[in-house]
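Asker: This is the structure, below, for whatever I ask next.
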Amino acid sequence: MELRTYQKQVVKEIGEENAIVKMPTGSGKTFVAAEFILQHLEKLGKSDDSTNKTPNSKIIQRGNGTAALFLVPNCDLVTQQKKVLKKWIGDYEVAEYFGSKAIPTTKFDALVSTPQAFLTLQQTETKTKWFTWSNFFACVFDEVHHVLKDHPYRIIAHGIKAWELNEKQRVQVVGLSASLTYAVEHRAVEQALANLCHDLSVTKMISPTEEELKKSGYVPQDDSIGM
150 MELRTYQKQV
160 VKEIGEENAI
170 VKMPTGSGKT
180 FVAAEFILQH
190 LEKLGKSDDS
200 TNKTPNSKII
210 QRGNGTAALF
220 LVPNCDLVTQ
230 QKKVLKKWIG
240 DYEVAEYFGS
250 KAIPTTKFDA
260 LVSTPQAFLT
270 LQQTETKTKW
280 FTWSNFFACV
290 FDEVHHVLKD
300 HPYRIIAHGI
310 KAWELNEKQR
320 VQVVGLSASL
330 TYAVEHRAVE
340 QALANLCHDL
350 SVTKMISPTE
360 EELKKSGYVP
370 QDDSIGM
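The sequence shown begins at 150 in the numbering used here and counts up one residue at a time.
Dropping the structure here:
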C-alpha cells in the first residue's frame, strides 16, 4: 500500500515539529501517523535487527527514546489501530494495552493504548522504564480534540510538558482529528484551538486543502466528532 499524495505531504510537513493534523473522516489519518512512526524508527537504525535498541543521537532535540506511543480514546480502537500500524511498519514490534489486557512484557517499538490504561502503567510499573517518557520519541494523540475536555489525554499532555521541562529533553507530539474543537462560535473556536496548541506545545497545524483531497480521489464522509 502506498500513501496518497496529500498524505505524503502531511508526513513531510510534520517533520520534527509538534503538530496537529486535521484531516476529514476517511482520509487516512492513521496511515499518516503510521508512516510518521515508520520513518522515525528507520532513522533510529533498527530495521535490520529488532534486538538493536541503540538510539540515533543525530535526531536533534530528542531524548533517547526508541519507541512511539499511539494513544486512542477507547478499547475498540486499540485493537483496530494496532492492526493498521503493525501492517504498515512490518517487522517492528507493536504492543497493545488497555485495562483487561496483559501488560507488555517484551520490548516494543510502538505501543497502542488507551490514555487511562497508559497512565496506570506509568503509576504502577515504576520499575519498568518502557513506560516512562524517556522510552518514547513521539506520542500520537488520535482524536486529539479530547485534550480540551476533562479527559486523561489532558493529563498526559501536561505530563509530557512537565517531563520535558524537568529533563530538558523532548517527546514529539502529533495530534490527529477530523474536527479540532467542540466550539461553534468563531471566537470560542479560536480560543479552543489556542488552548489545544498550548497544552500540546504545538508549533504547526497541518490540513490538506479540499482540492488536494479530491485530486487523490478522497470521497467526503461524516466529520462529526465523538463525544
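Positions of the beta carbon are idealized from the N, C-alpha and C atoms, including for glycine.
(1) Given this structure, state the Cα-to-Cα distance separating Pro-357 from Glu-151, to the nearest angstrom.
(2) Hey, would you say Ser-389 sits closer than 7 Å to Tyr-155, going by beta carbons?
(3) What do you get for Val-368, buried or exposed, if any count of 16 or more other CB atoms within 10 angstroms of its CB means buried?
(4) Assuming the contact rule is C-beta atoms closer than 8 Å, Ile-238 and Leu-190 should be a hit. Round their C-beta distance to whole Å, please.
(5) So, does the segment 312 to 320 touch the segment 219 to 226, judging by three or more C-beta pairs under 8 Å?
(6) Measure from the alpha carbon of Glu-386 to the alpha carbon of each residue in Ala-168, Glu-162 and Met-172, then state which is nearest.
(7) When the Cβ atoms of the segment 281 to 295 are set against those of the segment 174 to 189, are three or more pairs found closer than 8 Å?
(8) Can you check which of these residues, Leu-345, Leu-260 and Lys-192, is closest to Phe-285 by C-alpha distance?
(9) Going along the chain, which unbroken runs of the beta strand (DSSP E) with 3 or more residues stay wholly within the segment 298 to 354?
(10) Leaving aside the five residues before and after Asp-197 along the sequence, list all residues of the same chain whose C-beta is less than 8 Å from its C-beta, in chain order.
(11) Given Val-322, which residues of its chain have a CB within under 6 Å of its CB, disregarding the five upstream and five downstream residues?
(12) Between Ile-309 and Val-320, which are expected to be in contact by the criterion C-beta below 8 Å, what is the C-beta distance as a whole number of angstroms?
(13) Name the two residues that bound the continuous alpha helix (DSSP H) containing Glu-377.
(14) May I ask you to list the residues that DSSP assigns as paired with Asp-291?
(15) Would DSSP call Glu-245 helix, strand or coil?
(16) Between the alpha carbons of Lys-178 and Gly-164, how many angstroms are there, rounded?
(17) State the Cα-Cα distance for the pair Glu-245 and Ala-343, rounded to the nearest angstrom.
(18) Residues in its own chain within less than 6 Å of Phe-280 by CB, not counting five upstream and five downstream?
(19) Would you kindly report the start and end of the unbroken alpha helix (DSSP H) that includes Ile-186?
Answerer: Reading it off the structure:
(1) 17 Å
(2) Within the shown structure, residues of the chain are numbered from 150 to 376, placing residue 389 beyond reach of any answer.
(3) exposed
(4) 7 Å between Cβ atoms; contact.
(5) no
(6) Missing from the structure shown is residue 386; the chain here goes from 150 to 376 and no further.
(7) Touching, per the Cβ criterion.
(8) Leu-260
(9) With a minimum length of 3 residues, the continuous beta strand (DSSP E) runs that stay inside the segment 298 to 354 are 321 to 326.
(10) Residue confidence is low: Asp-197 scores 44 on pLDDT, short of 50, so the model does not pin down where it sits. Its coordinate-derived value is still stated next. Nothing meets the Cβ criterion.
(11) Asn-167, Cys-288 and Leu-349
(12) 5 Å
(13) With the chain represented from 150 up to 376, any question about residue 377 goes unanswered, as that position is not in the structure.
(14) As a beta-bridge residue in DSSP terms, Asp-291 pairs with Leu-325.
(15) strand
(16) 16 Å
(17) Their backbone Cα atoms lie some 32 Å apart in a straight line.
(18) Hits under 6 Å: Leu-270, Gln-271 and Glu-274.
(19) 178 to 192
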